[in-house]
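Residue numbers (the working numbering), protein chains in the order written: chain A, 52 to 348; chain B, 52 to 348; chain C, 15 to 345; chain D, 15 to 345.
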Ligand SMILES: Cc1cc2nc3c(=O)[nH]c(=O)nc-3n(C[C@H](O)[C@H](O)[C@H](O)COP(=O)(O)OP(=O)(O)OC[C@H]3O[C@@H](n4cnc5c(N)ncnc54)[C@H](O)[C@@H]3O)c2cc1C
Ligand SMILES: Cc1cc2nc3c(=O)[nH]c(=O)nc-3n(C[C@H](O)[C@H](O)[C@H](O)COP(=O)(O)OP(=O)(O)OC[C@H]3O[C@@H](n4cnc5c(N)ncnc54)[C@H](O)[C@@H]3O)c2cc1C
Ligand SMILES: Cc1cc2nc3c(=O)[nH]c(=O)nc-3n(C[C@H](O)[C@H](O)[C@H](O)COP(=O)(O)O)c2cc1C
Ligand SMILES: Cc1cc2nc3c(=O)[nH]c(=O)nc-3n(C[C@H](O)[C@H](O)[C@H](O)COP(=O)(O)O)c2cc1C
Ligand code: FES
Ligand code: FES
């Protein structure tokens, strides 16, 4: 069961629409593509776990109508030019960029894959309510599967900046397809790999492994203060079970088909309401990150 | 006014569908493209003024549903290989080909323009009732405007084979865009150029010029035994006026939006019926070539 | 009308395609695939047929018609009609719009000119019948005598006895038409319903209750294509019927609703151009499909779909489309 | 509901777009372009507005709403509704299909949460009102009190008092709805008609005769998208409404027929995504257009169309869309 997180003290950034230049657009392994977009405001303001709505330009005769939601994998705010000092040589200014990684699954992402470097992409963002570390968090466990890794990487960035010791489960079909290894290395995040290939992504196996990894007795192996997860729905349940065992907060990022990304089209309501007269929370505006707890039996 | 030509003694060829290889596909001037297709049966059987229905393959995300009617500009039946003889060296066999020339005007012809050399085009043909020289024709006047030149070029081929002395008016916007000069030279056809550029395609000017050209008094300038026309509707009327003046048969090739090209969809009825309970003739099956006469006043 | 095909036949280019018909002997050992479907007293060996207006006997020389379950004629009206002014059709993205207007020589003209050519084809002929009053259908069927294997009643025609809305949009009018035709023939009656109706279920039930053996869902959707440059209507009749791929999601819903509303078979018609399109319709309850627009560009497409359905059954080792769909459907 | 937009505004990326609004001072010397349109007692300065369900006050921070003729709310029902199960929407070629199911907090909830945010925008608010019985509309309008500049009655809702067919497919039901609403408000009433009707002319006339100030033609078209791989319905509700470019040729015909049937303005809605789409609708008789699906991918598209219409008039040296169309139309 997911529930809307209590209102945060930190205000959310105002989404902007932008016409962002494509700086990098390249394959990542066999199944994914990396996009680096120049968008100063979003790079500066986006919070961990927020997403963009990307308007896919027409490709061939095919027009894509609905924008596609994509997690902000990495934020790199602009840096000003710096003159040479005693500490180092001069550096040029860099524009603010965000990095996305996506899989080509259907018409929209296939058309997106045709956008050339140097071209522009219209987008709206940053959108949604992202991950937020509870006060006094010292250690965190992040779990991402497939492109879901992009959903939690922003939290790893925040953790690195805040000195939170972080472990991230990178789950995927096979070792070659795991996303996020380099990012984790850069951010000083301990990686646990889990693949379908060797069975290590199996839910029961993974659970046992994580319970051992954080057995609470060995020093340095105390359970994390928070669990953050993005990927398959079953992983959110696993995280909720771990959270219940460890008595810590679990935050899960959900997906939904979206049209507006802003909260007015009601296309993305999560299927969690039991009362037919009450709508589930909106994944785009109340989420995508929710508190995940085990359903009360 | 057009009317269906009386049934001919010459049987029409059975249309076939074919998957024809594209041997040549190249621009002709600024506005047109030439297609040479390998299709033995059609090259062998097509009659002057007949046409094909070309199924345009999907291009980009755009699917073209209806086949596009295109006149058979040139027919070049297959030739067998010939061993060297006293009369000449050995020659290789050549496949039977047809040549089309088309203008890119909308979605269908734009998608057609993307078909690569070496690719294949599905087509049905030869279709329709073409031009036929009345018995004992010795001289003929052909008139074509724009791609309409392709509609009458088959008649020039037949005329050349039958020793009929032929003049062809090539009409178009400007001299660079006139189609058919090389074909006419090859077939020994006398060319009269008429362009919007210098006003010579103006109907009144053209009529005066043709009446002078065939003034009936100067030797070698006797009116033609038949007039055949394809292009703008106003040209068919001009031809009918000339035919009335000269007392000769006029055959005009018409265009219509088509779906089947075979005579069953009734999409192509010519707008010539005055009785609402009677349908005009079908351009694809009763035409595209009709007898053209001036309306009785 | 002049007879279209006068000349000799040159079968060379078609030989490969005709030959591709699966040889029954090859199937020894394979499960018996049964694609047959019953429409009243008529059994079609395969659930594929052309849509009315999108087939002619001319195709007999181009495609192996025997591999279709039936042929369907263009709609025959009681009196002679010339059809609509030009242009009568155009293509737009993902569809075509036609306003041919159903020229017709009446049943007598049809029997004299077209029917013998249909009868010479190796598939049962479904004769499409139209009318502009509920009273006009039965006389046409009666005049057709014992010709044709079944009748498809095209009720997407303005009712001149009422306000010009389609006969098929009014369940009571459908009932009248079908009941009257039922009195003059024992042959199977298919009622072809329009799209713009308040309740397709009510229309299908009206047809069933009045004695129809099947409903065909649906006809083209009235539309008004404009010239991109001049903004003028392209069609001489201003309004025409939209058909082809873009109507499929709309017709899928109608087929689903109709097949839940009646016990008689539902024949789906709208945007079928592939084996998967056909299977989509079967999966929402259709018993057979008709192919219209797609066959202009690919005259052999209905035969290809019939072959493809059989092949998919063979590949999956099942004997029918229902079994195939159960396999396909993940739990 | 949590308030969505809590944070500071960073207008940098939007500055250029906002600034592009034509400066009235620049127009000195140019002919006065008047794009205004009257809907009953309400005058819109431009004939562009969003389609119901495809706009929210959240957009106020992203686009210059003052450049729209009006805003239109998502449909408000009398009682609270949770909406449909997931998936609620999907995209298909040339269209999208939604089965959001119109979640609603009722008029009281609407006035408490959403309306203040609409009222804060610099454009009149048209409140869309729905019901499942003809008797349900007037109480909602009455409960909305004096809020909103006009009411759009969404009659594409199943009539639970009858057989579940849309209220808007039955001219008598339309008459009941409009007459009842007319009794409780003096504000302009727009009736938004569905596509699947036997006679759009009869429906539009019913609205006009019962006192509506405009009709909106039309809503999305019921459709049933299937997953290409599993052949299962994509939408939780199985059926949804098809909108976007592929419905435009169908809606053009309806707008043409409706605008010949009534004197009140016809607002066109269906597949508008460009200045030319809007002009196409104006050329068949529409007085205003609504933009739905296109605005998800291009939130600024309705503003761009409004600007584009003005620019075309300026370029052509004419003062109104009617004059522009006369120029455009070749003889
Ligand atoms: C908040 C959020 C963040 C996301 N982040 C990423 C990411 O970082 N990388 C990545 O590869 N993918 C991400 N996704 C999923 C991505 O949006 C879908 O893969 C994409 O929309 C598929 O579009 P398509 O046209 O290629 O697929 P199609 O299946 O052809 O799409 C058809 C329709 O369904 C919708 N749809 C299909 N699958 C999904 C899905 N999984 N989620 C949402 N809508 C879907 C499409 O938007 C479209 O409207 C995210 C989704 C959400 C909601
Ligand atoms: C018997 C015959 C022979 C022809 N021969 C030639 C030729 O040799 N060279 C050549 O360039 N063109 C020829 N045409 C015209 C050619 O068929 C059209 O230019 C072509 O169909 C336009 O298709 P489009 O999709 O590019 O244009 P669009 O305008 O996008 O087409 C929209 C629809 O209108 C139809 N259409 C539009 N213009 C015409 C037209 N002039 N004639 C028939 N249908 C039309 C299309 O087939 C399509 O269904 C011939 C037409 C006929 C009937
Ligand atoms: C050119 C043309 C002519 C048609 N003529 C008829 C007709 O005479 N009677 C009829 O019931 N339907 C007629 N239709 C409708 C088709 O039978 C069919 O219902 C419709 O085209 C939808 O199927 P499709 O999408 O496969 O084309 C015609 C359609 C086309 C394209
Ligand atoms: C996501 C979505 C939600 C909609 N919600 C409503 C609604 O609440 N009330 C209504 O009358 N129409 C609703 N519509 C229909 C639109 O207002 C409009 O009539 C339809 O989408 C056709 O216009 P378009 O092609 O420009 O999208 C909705 C459409 C979409 C796509
Ligand atoms: S995507 Fe529109 S409300 Fe969430
Ligand atoms: S194009 Fe079909 S009858 Fe002529």
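Glycine residues also receive a C-beta, built at the ideal position from the N, C-alpha and C atoms.
Closer than 8 Å at the beta carbon, the chain A residues around residue i
i: residue 252 (chain B); result: Under the 8 Å cutoff, chain A gives no residues; its nearest Cβ is about 36 Å from residue 252 (chain B).
i: residue 111 (chain B); result: 110, 111, 112 and 113
According to DSSP, residues forming a beta bridge with residue i
i: residue 217 (chain A); result: A:191
i: residue 182 (chain B); result: None, per the DSSP bridge assignment.
i: residue 68 (chain A); result: A:175
i: residue 304 (chain B); result: B:281 and B:340
i: residue 150 (chain D); result: Note: residue 150 (chain D) sits in no beta bridge, so no partner.
i: residue 27 (chain B); result: Since the first residue shown for chain B is 52 and the last is 348, residue 27 (chain B) is missing from the structure and cannot be characterised.
i: residue 51 (chain D); result: D:58
i: residue 113 (chain A); result: A:110
i: residue 283 (chain D); result: D:304
Under 7 Å by beta carbon: chain D residues contacting residue i
i: residue 235 (chain C); result: 264
Straight-line Cα distance separating residue j from residue i
i: residue 189 (chain D); j: residue 55 (chain D); result: 21 Å
i: residue 322 (chain A); j: residue 100 (chain D); result: 6 Å
i: residue 304 (chain D); j: residue 262 (chain A); result: 56 Å
i: residue 150 (chain C); j: residue 104 (chain D); result: 44 Å
i: residue 328 (chain C); j: residue 291 (chain C); result: 19 Å
i: residue 182 (chain D); j: residue 282 (chain A); result: 43 Å
Contacts that residue i makes with chain D (C-beta to C-beta distance below 9 Å)
i: residue 298 (chain A); result: Neighbours of residue 298 (chain A) on chain D: none; closest Cβ ~27 Å, over 9 Å.
Contact set between residue i and chain A, taken where Cβ atoms lie within less than 7 Å
i: residue 223 (chain D); result: Those within 7 Å of residue 223 (chain D) in chain A number zero; the least Cβ separation is about 34 Å.
i: residue 95 (chain D); result: 328
Chain C contact residues for residue i, given Cβ-Cβ distances below 9 Å
i: residue 253 (chain D); result: 267, 270 and 271
i: residue 184 (chain D); result: 212
Contact list for residue i against chain C, beta-carbon separation under 8 Å
i: residue 175 (chain B); result: 76 and 313
i: residue 72 (chain B); result: Within chain C, no residue comes near residue 72 (chain B); the closest Cβ sits about 12 Å away, beyond 8 Å.
Under 8 Å from the C-beta of residue i: neighbouring residues of chain B
i: residue 110 (chain C); result: 116, 117 and 310
Residues that residue i contacts on chain A, provided the C-beta gap is smaller than 9 Å
i: residue 307 (chain D); result: 116, 117 and 310
Chain B residues whose Cβ lies nearer than 9 Å to that of residue i
i: residue 157 (chain C); result: Ordered by position in chain B, no residue passes the 9 Å Cβ test against residue 157 (chain C), which lies about 17 Å from the chain.
Where residue i meets chain C, residues with beta-carbon distance less than 7 Å
i: residue 62 (chain D); result: Ordered by position in chain C, no residue passes the 7 Å Cβ test against residue 62 (chain D), which lies about 18 Å from the chain.
i: residue 256 (chain D); result: 263 and 264
Worksheet item: If we count Cβ pairs, one from each stretch, closer than 8 Å, do we get three or more for the stretch 83-101 of chain C versus the stretch 81-99 of chain B?
Response: no
Discussion item. For the structure I just gave you, are there three or more beta carbon pairs, one from the stretch 316-331 of chain D and one from the stretch 276-283 of chain D, closer than 8 Å?
Written reply: no
Item to complete: State whether the stretch 163-171 of chain C contacts the stretch 133-147 of chain C, with contact taken as three or more CB pairs (one from each stretch) at a distance under 8 Å.
Response: yes
Discussion item. Residues of the stretch 97-108 of chain D in Cβ contact with chain A at a cutoff of 9 Å, in chain order, please.
Written reply: 97, 98, 99, 100, 101, 102, 103, 104, 105, 106, 107 and 108
Worksheet item: Does the stretch 309-316 of chain B come close enough to the stretch 117-135 of chain B to have 3 or more Cβ pairs within less than 8 Å?
Response: yes
Worksheet item: Along the stretch 121-135 of chain C, what residues have a CB closer than 7 Å to any CB found in chain B?
Response: none
Worksheet entry | Proximal residues, the stretch 215-226 of chain B versus chain C, C-beta separation under 9 Å | none
Worksheet item: Between the stretch 285-305 of chain A and the stretch 329-340 of chain A, are three or more C-beta pairs nearer than 8 Å?
Response: yes
Discussion item. Three Cβ pairs or more, each shorter than 8 Å: is that satisfied between the stretch 121-128 of chain B and the stretch 114-124 of chain C?
Written reply: Using a C-beta cut-off of 8 Å, the stretch 121-128 of chain B makes no contact with the stretch 114-124 of chain C, since fewer than three inter-stretch Cβ pairs fall below that distance.
Worksheet item: For the stretch 276-305 of chain D, which residues have a CB atom closer than 8 Å to at least one CB atom of chain C, in sequence order?
Response: 290, 293, 294, 297 and 298
Item to complete: Would you be able to state if there are at least three C-beta pairs under 8 Å between the stretch 233-241 of chain C and the stretch 293-300 of chain C?
Response: no
Item to complete: Count the CB pairs spanning the stretch 173-184 of chain A and the stretch 61-81 of chain A that are closer than 8 Å, and state whether there are at least three.
Response: yes
Item to complete: Taking only beta carbons into account, state which residues of the stretch 238-251 of chain C come closer than 9 Å to chain D, listed in chain order.
Response: 238, 239, 240, 242, 243, 244, 245, 246 and 247
Worksheet item: Does the stretch 104-116 of chain A touch the stretch 127-137 of chain A, meaning 3 or more C-beta pairs lie closer than 8 Å?
Response: no
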